[in-house]
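Here the structure comes first, spelled out in structure tokens, and everything after it is commentary.
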Amino acid sequence: MVLYSAGRTSTQPTDPPPSGIRMNFLGGANEVGNVGCIIEDNTGTRLLVDYGLAPTRPPKYPSEAPRVEEAIMTHAHIDHIGMAPWLVAAYDTTLHSTEMTAAVSEIMWKDTYKVSDIEGYPLGWDKRDMDLALGAWNTHDFGEWFPIGQWRCRLHRAGHIPGAAMVEIETPEARILWSGDMDTRDSPNAVGASPVECDILCLEGTYGGRSHRPREEEEARFVAKVLEVVSRGGIALVPSFASGRGQDILRILHREAPHLDVHYDGMGTRVTREWMGCPELIRDADGMKRAFRWSKRVSGKSDRKKALGANVIVTTSGMLDGGPALWYLNRLRHHTANAILLTGYQAEGSGGRRLIEDGKIPIFGRLTPIALEIDKFDLSNHGDHSALTSFARACSPTDLVIFHATEEGRQALHEEFAGEMRVHLPTNNTPILIGS
Ligand SMILES: [Zn+2]
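For any residue, its number in the working numbering is found by taking its place in the sequence shown, counting from 1, and adding 167.
In structure tokens, the structure reads:
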């Protein structure tokens with residue numbers, strides 16, 4: 168099914184701005200995820216940063232991108248890369264990213280294609296488009312300058328997940344820093360982001376107005392819960408995102424409870440193999456390699472049955488929307504010593520959210536009550552309010568653009584910086600002009 172036909176529904180102004188920097192969010196301005204933003208100036212240079220989709224059911228798509236020759240993908244989460252195959256098929260766009268983001272994107276796109284096919288959702292691109300996109304990458308090391316039209320850009324470490332990048336953009340009028348999804352704290356697998364001085368800072372605000380518990384405390388609480396479940400004879404099912412969270416869980420368990428029998432199933436195992444090809448982008452890559460080898464990787468049906476005798480099963484999908492997690496849950500649900508430990512954000516309408524709110528979840532088409540203990544842990548790899556504010560101050564911009572945030576999140580950040588810098592709260596499909 169065709170989602171948009173190129174050039175028909177784009178609301179992008181046709182002429183470049185007379186001066187200043189124009190930003191037009193196609194998605195991900197006043198919402199979390201679904202990101203895409205066109206940045207341009209009067210040199211005629213035009214760049215798209217990210218082009219994702221929100222993996223809700225049905226998925227949410229950004230607006231149609233206008234013709235653009237260059238796009239930078241900050242990291243390999245589907246809400247940032249999901250629509251890149253459409254882009255490449257429509258405009259032959261070059262995709263820039265780190266090497267790891269390019270490698271992991273292939274796995275994420277294939278999975279998205281498979282899920283949309285099974286669920287019957289429109290995607291806007293097909294396998295042929297995906298093949299074109301696989302040939303459209305131009306990868307860069309952190310710190311390496313590369314030209315985009317009349318500008319030059321370089322990528323910086325964003326924390327968040329290995330390979331995730333912030334983008335520094337040098338234009339004749341301004342230095343722009345696009346944060347992408349970011350965290351200044353180190354996580355088990357990613358070194359945190361450092362500030363970059365700039366004129367315009369585009370800052371993600373997922374956790375604006377909220378604070379995380381100290382990471383060590385939350386990791387300790389998670390490990391204690393796992394040990395409690397195991398000591399009562401149960402299995403801890405840990406649904407985890409394939410790109411980042413699952414690998415963090417392995418690192419934590421390997422470090423704190425190496426005696427446990429931990430099985431690792433699903434798309435995350437393939438993502439981890441791609442990670443291994445870029446060890447320089449992983450915090451203590453040898454440690455990740457050891458944790459991965461220590462876990463028992465599930466690669467077939469008989470492995471999956473063996474995993475039913477494990478202490479811990481780490482698997483996809485992180486929101487219990489499909490994947491091996493549901494297969495395991497269907498078998499583990501009969502024994503109340505077992506527990507479900509949720510380690511990530513559970514979107515509205517997702518299986519995990521329904522489980523928390525109603526105690527029921529659709530398993531293979533049947534709404535099934537689950538009587539197991541359910542616990543949630545905040546192992547987020549986004550900076551919280553205090554991390555975002557100290558990062559922003561250290562970048563000392565004159566203009567701050569807050570995106571990837573809920574209304575409460577961006578209002579909290581707006582209040583924080585009012586009078587200190589010019590704060591912009593963009594909404595999707597309404598271009599803003601800065602510094603004209
Ligand atoms: Zn992300």
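C-beta: ideal position from N, C-alpha, C; glycine also. Small disclaimer: the values here were computed from a predicted structure and weren't measured.
Shown here for Ile449: same chain residues with a beta carbon closer than 8 Å to its own, the five before and five after excluded, namely Pro329, Asn356, Ala357, Trp442 and Met455 in chain order. Restricting attention to Glu335, Ile336 and Thr351, the CA atom closest to the CA of His549 is found in Thr351. The residues Thr351, in chain order, have a CB closer than 6 Å to that of Ala554 in the same chain once the five nearest residues on each side in sequence are set aside.
Here Trp442 carries a helix assignment [DSSP, helix/strand/coil].
For Ile507, the uninterrupted beta strand (DSSP E) segment begins and ends at Ala506 to Leu509. Remark: C-beta atoms of Ile239 and His263 approach each other more closely than 8 Å. Between Leu475 and Arg440, the CB-CB gap reaches or exceeds 8 Å. Around the Cβ of Gly302, a 10 Å sphere holds fewer than 16 other Cβ atoms; the residue is exposed. With a cutoff of 7 Å, His571 does not count as near ligand 1, since its C-beta is closer than that to no heavy atom of the ligand. For Arg500 and Phe459, the gap between their C-alpha atoms comes out near 27 Å.
Listed by position along the chain, the residues with Cβ atoms less than 5 Å from a non-hydrogen atom of ligand 1 are His244 and Asp348. Only residues of its own chain outside the window of five on either side were considered, and among them Ile188, Asp366, Ile367 and Gly602 have a CB closer than 7 Å to the CB of Ala341, listed in chain order.
Annotation: Gly200 to Gly413 spans about 20 Å, alpha carbon to alpha carbon.
The Cβ atoms of Gly401 and Ala504 sit closer than 8 Å to each other. In this chain, the beta strand (DSSP E) harbouring Asp566 covers Asp566 to Phe570. Going by DSSP, Trp461 is part of the alpha helix (DSSP H) stretching over Ala452 to Trp461. Where Pro491 is concerned, the enclosing alpha helix (DSSP H) starts and stops at Pro491 to Leu499. In the three-state scheme derived from DSSP, where H, G and I count as helix and E and B as strand, Ile274 is classed as helix. Between Val438 and Val271 a beta carbon distance of about 5 Å is seen, short of the 8 Å cut, so the two are scored as contacting.
Here Leu290 is buried, its C-beta having at least 16 other C-beta atoms within 10 Å. Proximity to His323 across Pro425, Gly316, Asp415 and Asp348 peaks at Asp348, based on C-alpha coordinates. The three-state reading of DSSP puts Pro252 in helix, counting H, G and I together.
In this chain, the alpha helix (DSSP H) harbouring Lys468 covers Lys468 to Ala474. One thing to note: Val481 has its Cβ no nearer than 8 Å to the Cβ of Leu567. By the 16-neighbour rule on beta-carbons within 10 angstroms, Leu534 is exposed. The C-beta of Pro491 has 16 or more other C-beta atoms within 10 Å across all chains shown, which makes the residue buried.
Taken through DSSP and simplified to helix, strand or coil, Val358 comes out as coil. The C-alpha of Trp292 is placed about 15 Å away from the C-alpha of Ile285. For Tyr288, DSSP assigns no beta-bridge partner whatsoever. With a beta-carbon spacing of about 4 Å, His379 and Asp551 fall inside the 8 Å limit used to define contacts. DSSP, read as helix, strand or coil, puts Ala514 in coil. Restricting attention to His571, Ser354, Ala300 and Gly174, the CA atom closest to the CA of Trp253 is found in Ala300.
Restricting attention to Gly194, Glu540, Ser186 and Pro184, the CA atom closest to the CA of Ser177 is found in Gly194.
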